[in-house]
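*Asks:* For the record, the sequence lines run as chains D and C. The numbers in this note's numbering rise by one with no breaks, and the one at position 338 of the first sequence is 338. Start counting at 1 in the second sequence, then tack on 644, and there's your number in this note's numbering.
Number of protein chains: 2
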Amino acid sequence: MEIDSLGDIGIVESSSKVKPARTWRSWLVGNPLLTADAPNQTIGKLIGLAVFASDALSSTAYASQEILLILAYAGSSALGYVFPISLAIVSLMVIVSISYEQTIHAYPGGGGAYIVARDNLGELPAQTAGAALLTDYILTVAVSISSGVAQITSAFPILFPYRVEIAVSMVLFIMVINLRGVKESGTTFAIPTYFFVFTMVTTVAVGFFRYLTGSLGTVVNPPEFSGAEAITAVTPFLLLHAFSSGTSALTGIEAISNGITAFKEPRSKNAGITLIWMSSILATLFLGISFLIGPIHAVPSEAETVISQLARTVFDGQGAFYLALIGGTAIILIMAANTAFADFPRLSALHAGDGFLPRQMTFKGSRLVYSRGIITLAAVSSLLIIVFKASVTRLIPLYAIGVFLSFSLSQAGMARRWWKSGHLKKGEQIVEPGSIVTHDDKWIVKLIINGFGAMCTLVVMVVFAITKFKDGAWIIIILVPVLVTIFFSIHRHYRNLAKKLSLQNYHSMSISRHRVVVLIAGVHRGSLAALTYARSLSEDVTSVHVSIDPAESQKVREKWEIYGEGTRLVILDSPYRLLVEPVMEYIGNLLAKRLPNEIVTVVVPQFVPRHWWENFLHNQTALMLRFGFLFKPGLVIIEVPYQV
Amino acid sequence: MEIDSLGDIGIVESSSKVKPARTWRSWLVGNPLLTADAPNQTIGKLIGLAVFASDALSSTAYASQEILLILAYAGSSALGYVFPISLAIVSLMVIVSISYEQTIHAYPGGGGAYIVARDNLGELPAQTAGAALLTDYILTVAVSISSGVAQITSAFPILFPYRVEIAVSMVLFIMVINLRGVKESGTTFAIPTYFFVFTMVTTVAVGFFRYLTGSLGTVVNPPEFSGAEAITAVTPFLLLHAFSSGTSALTGIEAISNGITAFKEPRSKNAGITLIWMSSILATLFLGISFLIGPIHAVPSEAETVISQLARTVFDGQGAFYLALIGGTAIILIMAANTAFADFPRLSALHAGDGFLPRQMTFKGSRLVYSRGIITLAAVSSLLIIVFKASVTRLIPLYAIGVFLSFSLSQAGMARRWWKSGHLKKGEQIVEPGSIVTHDDKWIVKLIINGFGAMCTLVVMVVFAITKFKDGAWIIIILVPVLVTIFFSIHRHYRNLAKKLSLQNYHSMSISRHRVVVLIAGVHRGSLAALTYARSLSEDVTSVHVSIDPAESQKVREKWEIYGEGTRLVILDSPYRLLVEPVMEYIGNLLAKRLPNEIVTVVVPQFVPRHWWENFLHNQTALMLRFGFLFKPGLVIIEVPYQV
């Protein structure tokens, strides 16, 4: 940097070559990246499916099991309801998919629930949708990792006691990967996703084949049932409760509509087709699993997942195919958690950019990722895993309620949008921050589709909230409004600040009087350096000495007459041996009497130690003064350093 | 405070009426006291004995038991050595008492080991004596409280598992009492001390009577022996080991010589007589107990103290007299700890006053006591109690070695003093900081007495160090030199600082150039206020903006042309999105090129939150800058506050 600030008057620019220092951080997360290096690449449908489907497809690993678990409360006779309930959930899946397909075409720039709600419903629904999604991403990490670990401990029961430690380590590992910056190169996603789809389709297909040929047995050595014994009859409440648990299958279905910009042109078309593919695969696998666990008499258990039971029944033991399926399932679950690590920081940066979260969330770290968001997500989800002991069954009641809230708000926003669209003339347009609204001939059909989607998801959310309330849904029902309140408080703070700092009607101030107060503990080179500095600031300098020991003060008085350069010295007697309080009282009086545009500056000589431990040998008066005043208006505190 | 600093030129004095705020602290330790209220009262011999004897007399509670414990390693036949060893210890006690009687007359102003060694032997021996005494006061608290709790748990075995908690609570209780300021009103001390002496003398007297009349039995239901089984023969090492343990009886004997100024005139005479009374009582009780525990077959045990065994044998069970003795013993032990709470802070203030400990140790708190010393003592002794599980037997090997080191140095100092005194002519005098040396006719006798005392205590110390080395004495043998090294490092720091700050050859400086750098994140009322302030400091103002987002920087540039008052703006491009580092590089360059007497001031606009949580919504740039530079010479950092 070659600037001599003396010669240049005006605006000077300079490029700093300063790189962050190489520390343990650069070892862990990699060398810093230049802002100009931000990646920019698009993907096709096949890769797109792999990138965005892991969250949605991974829910097949636990959705059927959670339905089973609830039904088991009514005894083995109720287990026959798994398949009909799964069919109901798939119907819902179709409705939501069609709704989102419309969103994809309307928001080619990315149509997450936050953006759609903000454009069409206003700030409160948008913040609500955002809060719901943010909590949901946290739960995606907790549930996916817990379920992934459950798959692993099903195959290796010896690891079961360490499941919380394993799960937290995985979260931290994914955190580091994301802090390094994930190159979403497609192939890294494609291989495990298609591997999972392949092994799962094979398992279901072989299972059906054996079922139809009558060679499918039941689970050998079934694990112990984790729930209570049969304690209830098959009631509508129980069925709705089971249905609610199964709706976790729908989580992740919105991922494509958030990430449309990643697709090759024609973006919306490609993204839409990918969404349909994804939903079809998801529905097929989910229905297949839900069907097959009936005949094999699978048992819901913490010790062994239903997927593991299915696989070892279909493949007659824990062979290579069994291990391939368990491995594939564990990996896709971990990738689902990884998806949340991509989405949470982006959404929180969006909130922060709109002023609803701390501005710092919009800063990109040394690796061009939103480091603060990544770390927040890892911390909170690890906490959840620890609190809920990595149990999918205990985490599920918190999950999905946020998803359905955001589904509902997003679809309602879309319906509102079609309404607006229908009332525009041809050629007219409304420019929203997220997209442009034009007239659409088929607006009535589209409004009905999205409106129906909104209604269905709203009903599901209410059912979920009621049936799962005491299992943990109440936490989310309290948390979301609390978060929304916090978001609005933050927003109010930034808005007020911007208004107060605005330069409208700004007139340059002049300082009418600048009083400078120098604190003098003793008369020595250090305090006289501070006096010299103080006298360079203003003509109006007063030195203040707090007298605790009269003999010491007498010395100060005598020396001041010699070295004080004729300046004023005020000696404050402190009968209670206090140091900071008399100074604060004195300065408080000055401030109370100050005129507008008058400034008081307090200069504190500050000893600079050569060794850290030397700090313990000196009073930290400046520090205490700073805490005492905590930045009063019109008061500036300056430490003038002196060094030995 | 009614000062208007505008009108007054010259030196102004003002008495601040500001009192410390009433908080939970004033509830706990009492209202603050005025410096002028420092107490000033003297006491007579009877009260003096009570005030100063608790430490010395309380050691009768454990000294005999510790001898017994070591001898028990050689089996029950060795227990007969308790009394002869006690006789040897009492001989030592006589020698030390006579030595100290001479000190009392030579140092009417108070003759602690630190002062005597400082006056006569120099700084290194004085600091060594001081370090030894300070560690010893800490051990006095730990041992006395542990022994006091052991007496209580002997009477109430149900409390035994809670002995560490009880002991630590007692230390904290005594700490609070001392932070309030102990009015050493004499009677508060006299009643329990004389109660202890009365009950202990009665116990010993009744014991002897019953022994002589043949009616003294042996301990009924003796507790379990805590040591190992008989594993050694009676060797000289074992006897010396047992002797070392018993020397803990001498601790506290120096107390009167430290506190001579508390006595009524003729001070030295009164103090000397009190010392002789104290030693006589101590010797009598110690010998009596050591004798009686033989015939009653007392067993050394962690579960029941020897005192408790003696009392219930003498009084045939746990009646009122038994409880009176146990209670009296527990109380005098707690008072002994309290003595250390009086001595430790005074001695550490003495060290601090001479510049060997942090100056803050000389400050008196709101209640006119050396609060920092009191808190330090409580903290360290509590730690010891926790580490050694409140076991007297495990603490004893650390104890007494410091006492004997300080005895030895103190007596050597006295010997040196008599030597000087003998070589003075009549009427001549040497004025030392602690006392005045004049000619003394009997200097040879006195030199021999103190010299013999020094030699004896030195030998005992060496014996102690060797026999107890691996039991824990090594800790003290390492600790004392370490402490002395720390004391001298602190002293060197203060001396260097004073030299560097000295005003010898001081010439008033003038600042040749004052560069001011203002950090600008955005152009708004806050940053323009900082600019106005900066322009009031110097003509040479440069504003610096770090560019992370080009669009943001473009706005800053445009606004600066309007509002920048024609000042220079430097835009630092930061390709790695760093905020603080480019500024540090820029300022580092300025500092590198600065001339002598040139000062660089960095002005940082600082947002002042109305609520604490608002801090999280802003960058703490000034704070990071401050840490980054950690007070470089010639650099002043100023936060100019702006508030909403």
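Ideal Cβ positions, reconstructed from N, Cα and C, are used throughout, including at glycine. Bear in mind that the values here come from a model prediction, so they are computed numbers and not experimental data.
DSSP state of C/I1231, grouped into three classes?
*Replies:* Here residue 1231 of chain C corresponds to residue number 587 of the second sequence, with the count starting at 1. DSSP places C/I1231 in helix when its eight states are reduced to three.
*Asks:* Give the straight-line distance between the Cα atoms of D/I396 and D/V143, rounded to the nearest whole angstrom.
*Replies:* Counting from one through the first sequence, the residue named residue 396 of chain D turns up at place 396. Counting from one through the first sequence, the residue named residue 143 of chain D turns up at place 143. Distance between the alpha carbons of D/I396 and D/V143: 7 Å.
*Asks:* Taking buried to mean at least 16 other C-beta atoms within 10 Å of its own C-beta, is C/V1106 buried or exposed?
*Replies:* For the purposes of this step, residue 1106 of chain C is taken as the residue at position 462 of the second sequence. By the 10 Å Cβ count, C/V1106 comes out exposed.
*Asks:* Strictly below 7 Å CB to CB, what residues from chain C border D/G353?
*Replies:* Within the first sequence, numbered from 1, the residue matching residue 353 of chain D stands at position 353. Per Cβ cutoff of 7 Å: no residues; D/G353 is ~11 Å from chain C at best.
*Asks:* Quick check on DSSP: helix, strand or coil for C/I647?
*Replies:* Taking the first residue of the second sequence as position 1, residue 647 of chain C is located at position 3. At C/I647, the pLDDT of 43 sits below 50, so the modelled position is not reliable and the matter cannot be decided from this model.
*Asks:* Is D/K632 helix, strand or coil when you go by DSSP?
*Replies:* The count along the first sequence starts at 1 and reaches residue 632 of chain D at position 632. Residue state, collapsed to three classes: coil.
*Asks:* Can you tell me whether DSSP reads C/S1187 as helix, strand or coil?
*Replies:* Here residue 1187 of chain C refers to the residue found at position 543 when the second sequence is read from its first residue. Note: C/S1187 maps to strand in three-state DSSP.
*Asks:* Ends of the alpha helix (DSSP H) at D/V141?
*Replies:* Counting from 1 along the first sequence, the entry for residue 141 of chain D is found at position 141. Looking at the DSSP string, the run of the alpha helix (DSSP H) that includes D/V141 is 123-155.
*Asks:* For D/V482, tell me which candidate among D/W443, D/L134, D/T621 has the shortest Cα-Cα distance.
*Replies:* Counted from its first residue, the first sequence places residue 482 of chain D at position 482. Among D/W443, D/L134, D/T621, the Cα nearest to that of D/V482 is on D/L134.
*Asks:* Taking CB distances under 9 Å as the criterion, tell me whether D/L287 reaches chain C.
*Replies:* Here residue 287 of chain D refers to the residue found at position 287 of the first sequence. No, no contact with chain C.
*Asks:* If you draw a straight line from the C-alpha of C/I900 to the C-alpha of C/F696, how long is it?
*Replies:* For the purposes of this step, residue 900 of chain C is taken as residue 256 along the second sequence, with counting starting at 1. For the purposes of this step, residue 696 of chain C is taken as residue 52 along the second sequence, with counting starting at 1. If you draw a straight line from the Cα of C/I900 to the Cα of C/F696, it is about 6 Å long.
*Asks:* Here's the rule I'm using: 16 or more other beta-carbon atoms within 10 Å means buried, otherwise exposed. How should D/N258 be labelled?
*Replies:* The residue you call residue 258 of chain D lines up with position 258 of the first sequence. Result: buried.
*Asks:* Just how far apart, CA to CA, sit C/F1048 and C/I940?
*Replies:* Counting from 1 along the second sequence, the entry for residue 1048 of chain C is found at position 404. Counting from 1 along the second sequence, the entry for residue 940 of chain C is found at position 296. So the two alpha carbons sit approximately 32 Å from each other.
*Asks:* When DSSP builds the beta bridges, which residues end up paired with D/T60?
*Replies:* On the first sequence, residue 60 of chain D is found 60 positions in, with the first residue counted as 1. Answer is none; D/T60 lacks a bridge partner.
*Asks:* Give the single residue among C/W1087, C/T1037, C/I951 whose Cα lies nearest to the Cα of C/V863.
*Replies:* By 1-based counting over the second sequence, the position of residue 863 of chain C is 219. Among C/W1087, C/T1037, C/I951, the Cα nearest to that of C/V863 is on C/I951.
*Asks:* Identify the contact partners of D/M509 in chain C, using a Cβ-Cβ distance below 9 Å as the criterion.
*Replies:* Along the first sequence, read from residue 1 onward, the residue named residue 509 of chain D stands at position 509. By Cβ distance, chain C contributes L1172, A1173, T1176.
*Asks:* With DSSP collapsed to three states, give me the class of D/I477.
*Replies:* Position 477 of the first sequence, counted from the start, is the residue given in the question as residue 477 of chain D. Looking at D/I477 - three-state DSSP - the assignment turns out to be helix.
*Asks:* Identify, in the order they occur along the chain, each residue of the same chain with its Cβ nearer than 6 Å to the Cβ of C/L1102, setting aside the five sequence neighbours on each side.
*Replies:* Here residue 1102 of chain C refers to the residue found at position 458 when the second sequence is read from its first residue. Taken in chain order, the residues that qualify are S1052.
*Asks:* Mark D/D549 as exposed unless 16 or more other C-beta atoms lie within 10 angstroms of its C-beta, in which case mark it buried.
*Replies:* Your numbering for residue 549 of chain D matches position 549 in the first sequence. Result: exposed.
*Asks:* Kindly confirm or deny that the segment 81-93 of chain D and the segment 359-376 of chain D touch, where touching means at least three C-beta pairs closer than 8 Å.
*Replies:* no
*Asks:* For chain C, is any of its Cβ atoms less than 9 Å away from the one on D/K559?
*Replies:* Along the first sequence, read from residue 1 onward, the residue named residue 559 of chain D stands at position 559. Cβ-Cβ to chain C under 9 Å: yes for D/K559.
*Asks:* Using a Cβ cut-off of 8 Å, pull out every chain C residue sitting near D/I374, in sequence order please.
*Replies:* Your numbering for residue 374 of chain D matches position 374 in the first sequence. In chain order: nothing, as chain C lies at least about 15 Å away.
*Asks:* Out of C/N1094, C/S923, C/K1086, point me to the one whose CA is closest to C/L701's CA.
*Replies:* Along the second sequence, one-based indexing puts residue 701 of chain C at 57. Residue C/S923 is the option with its Cα nearest to C/L701.
*Asks:* Consider the C-beta atom of D/I334 and the heavy atoms of the ligand NAP; say whether any pair is separated by less than 8 Å.
*Replies:* Of the ligands one can find in the structure shown there are none, so the ligand NAP has no counterpart to examine.
*Asks:* List, in chain order, every chain D residue whose beta-carbon is nearer than 9 Å to that of C/Y1207.
*Replies:* Walking along the second sequence from the start, residue 1207 of chain C turns up at place 563. The answer, in chain order, is L503, Y506, S508.
*Asks:* So the alpha helix (DSSP H) D/H514 belongs to, where does it begin and stop?
*Replies:* What you label residue 514 of chain D is simply residue 514 of the first sequence in a count that begins at 1. Counting along the chain, D/H514 falls outside any alpha helix (DSSP H), though it belongs to the beta strand (DSSP E) covering 513-519.
*Asks:* For C/D1115, name the three-state secondary structure that DSSP assigns.
*Replies:* The count along the second sequence starts at 1 and reaches residue 1115 of chain C at position 471. The answer is helix: DSSP assigns C/D1115 an H, G or I state.
*Asks:* Which class does D/D573 belong to by DSSP, given the choice of helix, strand or coil?
*Replies:* Start at 1 with the first residue of the first sequence, and residue 573 of chain D comes out as number 573. Strand at D/D573.
*Asks:* May I ask you to list the residues that DSSP assigns as paired with D/V431?
*Replies:* Residue mapping note: residue 431 of chain D aligns to position 431 of the first sequence, counting from 1. Answer is D/I436.
*Asks:* Taking the straight line between their C-alpha atoms, what separation do you get for D/T202 and D/A349?
*Replies:* Here residue 202 of chain D corresponds to residue number 202 of the first sequence, with the count starting at 1. Here residue 349 of chain D corresponds to residue number 349 of the first sequence, with the count starting at 1. Take the alpha-carbon of D/T202 and the one of D/A349: they are about 41 Å apart.
*Asks:* Please report how far the alpha carbon of C/G1057 lies from the alpha carbon of C/T949, in whole angstroms.
*Replies:* As a first step, residue 1057 of chain C is located in the second sequence; it is residue number 413 there, counting from the start. As a first step, residue 949 of chain C is located in the second sequence; it is residue number 305 there, counting from the start. Spanning the alpha carbons of C/G1057 and C/T949 requires a straight line of approximately 38 Å.
*Asks:* Out of curiosity, what's the CA-to-CA distance linking C/S1050 and C/E868?
*Replies:* If you number the second sequence from 1, residue 1050 of chain C lands on position 406. If you number the second sequence from 1, residue 868 of chain C lands on position 224. Near 37 Å, if we compare the C-alpha coordinates of C/E868 and C/S1050.
*Asks:* Please state whether DSSP places D/V369 in a helix, a strand or coil.
*Replies:* Indexing the first sequence from 1 puts residue 369 of chain D at position 369. Three-state result, D/V369: coil.
*Asks:* Please say whether D/L519 and D/V556 have beta carbons closer to each other than 9 Å?
*Replies:* Taking the first sequence and counting its residues from 1, the one referred to as residue 556 of chain D is at position 556. Taking the first sequence and counting its residues from 1, the one referred to as residue 519 of chain D is at position 519. Not in contact: D/V556 and D/L519 (Cβ atoms no closer than 9 Å).
*Asks:* Taking only beta-carbon atoms, is D/P157 less than 9 Å away from chain C?
*Replies:* The residue you call residue 157 of chain D lines up with position 157 of the first sequence. Answer no: the Cβ-Cβ gap between D/P157 and chain C never drops below 9 Å.
*Asks:* Check whether chain C comes within 9 Å of D/L537, counting only Cβ atoms and requiring the distance to be less than that.
*Replies:* On the first sequence, position 537 is the one that residue 537 of chain D refers to. Interface residue, yes.
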